[in-house]
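First up is the structure itself, then whatever we jot down about it.
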Amino acid sequence: MTGLLLAAGFSRRFGTSDKLLQPLADGRPVVLAAAQHLLQALPNSIAVVRADAHLLGELLEQAGLQVVPCGAQQLEMADSLAAAVRYAAATEESSDGYVIALGDMPFIQPQTIRAVADRLAAGAAIVVPTYLGRRGHPVAFAAKFRSALLALQGDQGARSILQAHPQEIEMMACDDPGILRDIDIPADLERA
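So in this note's numbering, the last spot in the sequence shown is 244, and the numbers never skip.
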């Protein structure tokens, strides 16, 4: 099982500073908290960053993730996801599938990530965690979706795969509101 941390976005709604590098109440940058939680659950994890995001890449590398840079032409979420899947496909761990996490979601508990991965390892095709009936992240895909993940386009991530395969989705209820909380605008960080 391979964890994929998507951290190649532009943070346009946040303003001029990179939201992923903003400190949380405990002083850790947003992306570092997300990365550490992912690594606790899945030690074999990869992060995708923009090629020009040197500080971000170094931070994630120091945290223990393998860092994959996205080129200047790879500007959409699907591009970064495909880059991560392409890189991970060369590893033996990816033969079980992928747990896709987002760099701007630092509140997901490691045990939730592990539970999602365990459901996938137990035979589920797609696992989506839910909190009080609302879908959240991370979302896991069995390796049989590798080609579909590589073929994605646009800024919708893997949503089209979920829409095309609703019968294969296993909803996993959990008691972790962090699966719904991301940092998009400065007010989100202030509420954190």
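Don't be surprised by glycine CBs; every beta carbon is placed ideally from N, CA and C. Here the structure is a predicted model, which is why all the values come from computation and not from measurement.
- If only complete runs of 4 or more residues are kept, the segment 170-204 shows the alpha helix (DSSP H) at 198-202, in order along the chain.
- For N96, the closest alpha carbon among the candidates T54, I160, A174 is that of T54.
- A Cβ-Cβ distance of about 12 Å is found for the pair D156 and L108, leaving them out of contact under the 8 Å criterion.
- DSSP, reduced to helix, strand and coil, places I213 within a helical segment of the structure shown.
- Counting the other CB atoms within 10 Å of its CB gives S199 a total below 16, which places it among the exposed residues.
- Contact between the segment 82-102 and the segment 159-168 is present: three or more C-beta pairs spanning the two stretches fall below 8 Å.
- With fewer than 16 other Cβ atoms inside 10 Å of its own Cβ, T143 counts as exposed.
- It is roughly 22 Å from the alpha-carbon of A153 to the alpha-carbon of Q219.
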